[in-house]
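Chains as they are written, first to last, in full-length UniProt numbering: chain A, 1 to 398; chain B, 1 to 711. Ideal placement from N, C-alpha and C gives every residue a C-beta, glycine not left out. Below you'll find the structure, written out as structure tokens, and then a few comments.
So, in structure tokens, the structure goes:
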């Protein structure tokens, strides 16, 4: 039995995120190639990690068909040149896919089953629109288990606006604009680029190289946002400006046990403290991070005040704002998404969880004053997921 | 030197109105330090089954693109230029589909100049140029890379080569000058001369790196990303490129001419002097030792123009197309869908030929193969031989251990012919005598089912007569291999009068499964290859019997450029077999085929050539020369040659009249694949047309228009 079962986030990288669809940079690039390039980039950045020591490769995707099918963790490992002795599997928890890859393999590390694991996710929403070809059980509707609205994420976001009248369209728009501005500032300061793995992309007009996130709109203004249409209901509040765009991208991370960290003299970026998933009504799935965070805090023996940095997935601005309101945090609180979020960067469903961790890890390195950080996200069909992390660079008293 | 700028290339463009244009797309890629790389992608918009090729319109588009990039470089907008291809393919070289439309030497001269004009720009952009060799790069495709300053290589690239000499050309878009100056003369000789003449051998990625053709190799999964990163390093100065194989002063002064001289001797001894392209290439490689690039390009212009306008290149393209296309869609083949499925093979015999058959069938069909012979000892030896060969394949790494176990278990031996009962295909490899083969098949028919295909490997007997004692002769087919069975790519599939369509189809499908090229012939003496070779040997012996020396006969026939002289061919097939072949053909066609008593005497004597201890031929056997010394009126060499040419034209014309095969193309294909006759002859019929033999003999030509060069 392993004696010390701490779980460390050693490193994480991702592809630049592309706009989904024919005009997007990855339209002619396979989803599995995205995750493969991310894994290769991760291993190149950690050359002291022997490839044959990887005990597991868990890769998430929401729509596991075609180039996202065939047990992604295994196929991606083979395609990335990991030894055939390295096993792998595929994971699905919709938007929290990559987060679940991390918590599941992290659990294995904690149990002593793994020394080293690769955890990540990929979503090519251009090739695999959410819910495409799904066949929901008719009982959902006949027994009124879930409203038909619950399957349309935009509609669930409108429903949160209904539930909390204090969450106005104006607040959502402002949050969206700030996200754009914060990402632009982070790019200018070179905070994002170091963790991006460039991807060669083919198009009908030749090869190119994707090096930055494609969906950013730093020029966003409140006036401009006010003119956007509300596709999910007439006179609604949810627009393309206060929601994350459809996105293609892949993320991947390297987890290690404390034994492996010391044996290979790795420099981990975060230590996993606790995690939790929780369910809510599917019709307001965006509220999911509230109960999952409460649960994770409880398991960690921490309170919300102990958290110095929040990386919240911005599926919709209103859904982040509902979280902040619940915990009494300001819309503009500097602890929250200091480098912006998914509204600007994009949200390739099952890949996003590790993107949050990559950004939190880099902030930890800059913030030895912060001990704990939190990554959280909502999940379609009414779930939330939260992982609490400790900063190894923390300089305070233990 | 040539001033390419002033040349009007429109006559070339006019010839290629149906060119599949490979476009040059440009996208800017950000590098470190705010620099920019212009990435050019060559892409013809088709999938990998239609590789990028470089026709005139393609090249002129690339020229415009490179001009634009040179302007941008001079304005400081870009800091490097890289060229790469569509997935799996950089470019398969010049578009040869138009070459037979080139009307005259003047137009031919434009082709090398256009290539130099365009590709040469890669060396003169004002910023470093790179080619990311992402896959297939042949001929002009590889010369794109050679004209650039730096090259990266995808480590899975399937085929990289300069095959020009194989096709009767030379690497004339810079290759003959640039390559030896990049990788040294000995390496360049290997790429330009040696490999093309080894049946057009391709370079493996590791070779490309070892030889120094590419500066660095990257794995395919991230090839382009790593190539861009490497180029970034070169441009920024953080990566320094070393070229240990680049020739230095000493190599130029001491080694260069000697290496070319040695290569020239090797080519002459292996190939003779008829095929021009290797010698032209040798001259160019030798001259590349000194002088400027422009001078080198000018030499290539002249040399390539001569070859493009000449006979041998046209014949080579014709031959290449036969091997690449006609061989894959055999003329007159019945619908492959009606073929019977073979799930077990029986081989009658356990000797050398039988074991070769068994090994080939078990490897390629992966079904049970059972061999039989008269007694258990022979059978056991045969099975042991086959299993030994399988084990050799395993130890060489050609097949896995699992595969070796599987194949060994599939091979069994028996003396009980009842074990053939469920075989779908039975092939004999017994003594070449009619009564023996008749007996063997009549016997086996008692055991096998009515649908079992029976195949005979006879080379000289009538398939119809072999089947005379069969109840079901419709399932008998000729299946004539060439020795060595594992190597020679041809099978003559002989359709006897009784052979039905299902049997013929099964034979063709089986030949394909064996990875052989099959040509269907009628059941006539010698089929194709042996009948033509019998003509050559017969004319040779006719001349010898008049008192001409073997050496003089060999020399008289040398202008054809055959892979071996008549004396060497006799030595290879064996004097007994040679005598037998002449006898059978003489018996069938006494007016036209010569038989030689002297050859029988030579066969009794046992040897024709004299060899030293290492087996190298040193001359003719003294005893043999004595045997043939009787004739008193040697035939003059020109007459020997003319008799041969006219005899071949006459015989092949008759074979076509008699529909032995459907077209002259099939005769040529058989001679190329079954006897190794050279591309420069186009097999045989283009040669006979161009030397006038066809006109002399039957007042026409095999091909209209003739497959010949232009003035």
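Inset, instruction - Quick one: grab the DSSP three-state call for residue 219 of chain B. - result: Here residue 219 of chain B is taken as the residue at index 219 of the second chain, counted from 1. Correct three-state label for residue 219 of chain B: coil.
- [ ] Let me know if residue 480 of chain B comes out buried or exposed under the rule of 16 or more other beta-carbons within 10 Å of its beta-carbon.
- [x] Residue 480 of chain B sits at position 480 when you count from the first residue of the second chain. With 16 or more other Cβ atoms within 10 Å, it is buried.
Beta carbon proximity, residue 221 of chain B to chain A, threshold 8 angstroms | Along the second chain, read from residue 1 onward, the residue named residue 221 of chain B stands at position 221. Residue 221 of chain B counts as touching chain A.
Requested in this report: Measure the C-alpha to C-alpha separation of residue 151 of chain B and residue 54 of chain B and round it to an integer number of angstroms.
Outcome: Here residue 151 of chain B is taken as the residue at index 151 of the second chain, counted from 1. Here residue 54 of chain B is taken as the residue at index 54 of the second chain, counted from 1. Answer to the nearest angstrom: the Cα atoms are 19 angstroms apart.
### Under 7 angstroms by beta carbon: chain B residues contacting residue 200 of chain A
Residue 200 of chain A sits at position 200 when you count from the first residue of the first chain. In chain order: 224 and 225.
Using DSSP bridges, identify the partner residues of residue 253 of chain A. Looking up residue 253 of chain A in the first chain gives position 253. Note: residue 253 of chain A sits in a beta bridge opposite A:12 and A:119.
- Query: Are the C-beta of residue 26 of chain B and some C-beta of chain C separated by less than 8 angstroms?
  - Reply: Included in the structure are the protein chains A and B, with no chain C among them.
* Is it the case that the Cβ atoms of residue 244 of chain A and residue 347 of chain A are separated by a distance below 8 angstroms? -> Within the first chain, numbered from 1, the residue matching residue 244 of chain A stands at position 244. Within the first chain, numbered from 1, the residue matching residue 347 of chain A stands at position 347. Yes.
**Request:** Residues of the stretch 50-79 of chain A with a CB closer than 9 angstroms to any CB of chain B: list them in chain order, please.
**Result:** 79
So, residue 530 of chain B versus residue 607 of chain B, is the Cβ gap smaller than 8 angstroms?
Here residue 530 of chain B refers to the residue found at position 530 when the second chain is read from its first residue. Here residue 607 of chain B refers to the residue found at position 607 when the second chain is read from its first residue. No; because the gap between Cβ atoms is not below 8 angstroms, this pair is not in contact.
Worksheet item: Skipping 5 residues on each side, what residues in its chain have a beta carbon closer than 7 angstroms to that of residue 155 of chain B?
Response: Position 155 of the second chain, counted from the first residue, corresponds to residue 155 of chain B. These residues qualify, in order along the chain: 205, 217, 218, 219 and 220.
Item to check | Which residues DSSP lists as bridging residue 461 of chain A, in chain order | outcome: Nothing can be reported for residue 461 of chain A, as the shown portion of chain A is limited to 1 through 398.
query = Going by the beta-carbon positions, is the gap between residue 135 of chain B and residue 157 of chain B smaller than 8 angstroms?
reply = Start at 1 with the first residue of the second chain, and residue 135 of chain B comes out as number 135. Start at 1 with the first residue of the second chain, and residue 157 of chain B comes out as number 157. Yes; because the gap between Cβ atoms is below 8 angstroms, this pair is in contact.
Quiz prompt | Alpha carbon of residue 87 of chain A to alpha carbon of residue 108 of chain B, nearest angstrom | solution = By 1-based counting over the first chain, the position of residue 87 of chain A is 87. By 1-based counting over the second chain, the position of residue 108 of chain B is 108. Cα to Cα, residue 87 of chain A sits roughly 59 angstroms from residue 108 of chain B.
Here's the rule I'm using: 16 or more other beta-carbon atoms within 10 Å means buried, otherwise exposed. How should residue 383 of chain A be labelled?
As a first step, residue 383 of chain A is located in the first chain; it is residue number 383 there, counting from the start. Under this definition residue 383 of chain A is a buried residue.
query: Given a limit of 9 angstroms on CB to CB distance, which residues of the stretch 22-52 of chain B reach chain A?
result: 23, 24, 25, 26, 27, 28, 29, 30, 37, 39, 40, 41, 42, 43 and 45
Give me the Cα-Cα distance between residue 77 of chain A and residue 405 of chain B, rounded to the nearest whole angstrom. The residue you call residue 77 of chain A lines up with position 77 of the first chain. The residue you call residue 405 of chain B lines up with position 405 of the second chain. Residue 77 of chain A and residue 405 of chain B: Cα-Cα distance of roughly 30 angstroms.
Whether residue 195 of chain A touches residue 12 of chain A by CB criterion (8 angstroms):
Position 195 of the first chain, counting from 1, holds the residue named residue 195 of chain A. Position 12 of the first chain, counting from 1, holds the residue named residue 12 of chain A. Yes, the Cβ-Cβ distance between residue 195 of chain A and residue 12 of chain A is below 8 angstroms.
For this session: For residue 299 of chain A, I'd like the list of residues in its chain whose CB is within less than 7 angstroms of its CB, leaving aside the five on either flank, ordered along the chain.
Result: By one-based count along the first chain, residue 299 of chain A stands at place 299. Answer for residue 299 of chain A: 274 and 276, listed in chain order.
For this session: Could you tell me whether the Cβ atoms of residue 485 of chain B and residue 357 of chain B are closer together than 8 angstroms?
Result: One-based indexing of the second chain puts residue 485 of chain B at position 485. One-based indexing of the second chain puts residue 357 of chain B at position 357. Yes. Within cutoff.
Checklist entry - Using the C-alpha atoms, what's the distance from residue 283 of chain B back to residue 659 of chain B? => result Within the second chain, the letter at position 659 stands for residue 659 of chain B. Within the second chain, the letter at position 283 stands for residue 283 of chain B. Taking the straight line joining both Cα atoms gives about 45 angstroms.
| task | Could you pull the start and end residues of the beta strand (DSSP E) that residue 294 of chain A belongs to? | result | Taking the first residue of the first chain as position 1, residue 294 of chain A is located at position 294. That residue, residue 294 of chain A, is in no beta strand (DSSP E); its alpha helix (DSSP H) goes 289-300.
Amino acids of chain A, ordered along the chain, whose beta-carbon sits closer than 9 angstroms to that of residue 78 of chain B
Residue mapping note: residue 78 of chain B aligns to position 78 of the second chain, counting from 1. Chain A residues near residue 78 of chain B: none, gap ~14 angstroms exceeds 9 angstroms.
Check whether chain B comes within 8 angstroms of residue 339 of chain A, counting only Cβ atoms and requiring the distance to be less than that. Within the first chain, numbered from 1, the residue matching residue 339 of chain A stands at position 339. No - not a single Cβ of chain B is within 8 angstroms of the one on residue 339 of chain A.
ask   = Taking the C-alpha atoms as reference points, what is the distance between residue 261 of chain A and residue 220 of chain A?
value = On the first chain, residue 261 of chain A is found 261 positions in, with the first residue counted as 1. On the first chain, residue 220 of chain A is found 220 positions in, with the first residue counted as 1. Distance between the alpha carbons of residue 261 of chain A and residue 220 of chain A is about 43 angstroms.
Exercise for review: Could you tell me whether the Cβ of residue 343 of chain A comes closer than 8 angstroms to any Cβ of chain B?
Suggested key: Counting from one through the first chain, the residue named residue 343 of chain A turns up at place 343. Output row for residue 343 of chain A: interface = no.
(request) Would you kindly report the start and end of the unbroken beta strand (DSSP E) that includes residue 154 of chain B? (result) As a first step, residue 154 of chain B is located in the second chain; it is residue number 154 there, counting from the start. Element bounds for residue 154 of chain B: 150-154.
| field | Whole alpha helix (DSSP H) elements within the stretch 303-332 of chain B, 4-residue minimum | value | 311-324
Cβ of residue 227 of chain B versus every heavy atom of the ligand SAM: is any distance shorter than 7 angstroms? This structure simply doesn't include the ligand SAM, nor any ligand for that matter.
First through last residue of the beta strand (DSSP E) which encompasses residue 279 of chain A: In the first chain, residue 279 of chain A corresponds to position 279, counting from 1. Residues 270-279.
Outcome for residue 65 of chain A when other beta-carbon atoms lying within 10 angstroms are tallied against a minimum of 16
In the first chain, counting from the first residue as 1, residue 65 of chain A sits at position 65. Burial call: exposed.
*Report back the beta-carbon spacing between residue 29 of chain A and residue 237 of chain A to the nearest angstrom; my notes put them in contact at under 8 angstroms.*
Within the first chain, residue 29 of chain A is the residue found at index 29, counting from 1. Within the first chain, residue 237 of chain A is the residue found at index 237, counting from 1. Contact doesn't hold; Cβ gap of about 34 angstroms is too wide.
Short of 7 angstroms Cβ to Cβ, which residues in the stretch 405-430 of chain B face chain A?
none
Restricting to runs no shorter than 3 residues, where is the beta strand (DSSP E) found entirely within the stretch 582-669 of chain B? 609-611 and 617-620
As a quick exercise: from A:272, A:361 and A:136, pick the residue whose alpha carbon is nearest that of residue 402 of chain A.
Outside the displayed span of chain A (1 to 398) sits residue 402 of chain A, for which this structure offers no information.
_Closer than 8 angstroms is the cut-off here; do at least three beta carbon pairs connect the stretch 301-315 of chain A with the stretch 23-40 of chain B?_
no
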